[in-house]
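Visitor: When you number the sequence shown by full-length UniProt numbering, it's gap-free, plus one each residue, and the end is 226.
Idealized CB from N, CA, C, for every residue including glycine.
None of the values given here were measured: they were computed from a predicted structure.
Please read through the structure below; I'll follow up with questions.
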Amino acid sequence: MQQENQLTHHHVTAPKPAAIAGIVFSILLTISLVLMLRSMPTDLRDNGMWLISNGKALLLGLNLVPFAGIAFLWFIGVVRDWLGSNEDQFISTVFLGSGLLFVAMMFVLSAIAGSTIFLYIHQADRSIASTYYTFGQTITNEILNAYMLKMAGVFMISTSTLLNRTRSIPKALALVGYVLAAILLFRISHVDHLIWIALVFPLWVLLISVYMLMQNYRGTSVPSRF
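The structure is reproduced here in structure tokens:
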């Protein structure tokens, strides 16, 4: 009986740290993306002169990325712990894999972007600096558009499926996840003004986290799949 009470208590309280981690991730990544997107010009096919005036804001946004990634990893871990034996092993493998790949690519993108900005700002020869900029901008755009946002979409689909199968979230909330994931997966790559769609992912995590936090305060446990 004591063990059963501890298990129930575990499932009831576990959503709180998951929700907090998800909210922290959402806030940090949203701030980071807004700083970066507001700093960048509409047309990135230039020589990078805008980095001289907006480079500091861009670097500030990039410096928030590691903390957002740590919070996201915590979010993944606590969600899996919350689901416990109710977790679908097939879906959870996709959930974990896509989440880890998203964080890895987010870190790689930030490292390349930060290095590009640093080299550009501290290079006296503008022709050489322009080469740094073109190379770094091409790589970061490719990682973001072709890979990182696609992994975010896969993570949203697997998370929505996992939480919906365990009846941890309403079907309407899972449907919202599917629709937003489809936008990320099938968006047209390399269209500059569509890059703001990247904000869909942290906002969706915020939505899930707020719901989990509400469930925690209501004392709702995770139901069984069966």
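(1) Please classify Pro170: is it buried, with 16 or more other beta-carbons within 10 angstroms of its beta-carbon, or exposed?
(2) Checking 7 Å against the spacing of the C-beta atoms, do Ile112 and Gly136 come in under that value?
(3) Can Leu59 and Ile117 be called in contact, C-beta distance under 7 Å?
(4) If you draw a straight line from the alpha carbon of Gln89 to that of Val103, how long is it in whole angstroms?
(5) Do Leu35 and Gly61 come within 7 Å of each other at the CB atom, strictly closer than that value?
(6) If you follow the alpha helix (DSSP H) that Tyr120 is part of, which residue opens it and which one closes it?
(7) Select from Asn216, Tyr133, Met105 the residue whose C-alpha is nearest the C-alpha of Ala152.
(8) With a CB to CB cut of under 7 Å and the five nearest residues on each side skipped, what residues in its chain are close to Val200?
(9) Should Thr93 be labelled buried (16 or more other beta-carbon atoms within 10 Å of its own) or exposed?
(10) Is the beta carbon of Phe155 sitting closer than 7 Å to the one on Gly99?
(11) Between which two residues does the alpha helix (DSSP H) harbouring Tyr147 extend?
(12) Below 7 Å CB to CB, which residues in the same chain sit around Ser110 once its five sequence neighbours on both sides are set aside?
Guide: Looking at the atomic coordinates:
(1) Here residue 170 corresponds to residue number 170 of the sequence shown, with the count starting at 1. Flag for Pro170 reads exposed.
(2) Within the sequence shown, numbered from 1, the residue matching residue 112 stands at position 112. Within the sequence shown, numbered from 1, the residue matching residue 136 stands at position 136. Yes, the Cβ-Cβ distance between Ile112 and Gly136 is below 7 Å.
(3) One-based indexing of the sequence shown puts residue 59 at position 59. One-based indexing of the sequence shown puts residue 117 at position 117. Yes, Cβ-Cβ distance for Leu59 and Ile117 is below 7 Å.
(4) As a first step, residue 89 is located in the sequence shown; it is residue number 89 there, counting from the start. As a first step, residue 103 is located in the sequence shown; it is residue number 103 there, counting from the start. The straight-line gap from Cα to Cα measures roughly 21 Å.
(5) For the purposes of this step, residue 61 is taken as the residue at position 61 of the sequence shown. For the purposes of this step, residue 35 is taken as the residue at position 35 of the sequence shown. Yes. Within cutoff.
(6) One-based indexing of the sequence shown puts residue 120 at position 120. Unbroken alpha helix (DSSP H) run through Tyr120: 89 to 121.
(7) What you label residue 152 is simply residue 152 of the sequence shown in a count that begins at 1. With distances taken between Cα atoms, Ala152 lies closest to Met105.
(8) For the purposes of this step, residue 200 is taken as the residue at position 200 of the sequence shown. Correct list, in chain order: Leu180, Ile183, Leu184.
(9) Translated into the one-based positions of the sequence shown, residue 93 becomes position 93. Counting Cβ neighbours within 10 Å, Thr93 comes out exposed, since fewer than 16 surround it.
(10) Looking up residue 155 in the sequence shown gives position 155. Looking up residue 99 in the sequence shown gives position 99. Closer than 7 Å, so yes.
(11) The residue you call residue 147 lines up with position 147 of the sequence shown. Neither: Tyr147 is in no alpha helix (DSSP H) and is coded neither H nor E.
(12) What you label residue 110 is simply residue 110 of the sequence shown in a count that begins at 1. The answer, listed in chain order, is Leu62, Val65.
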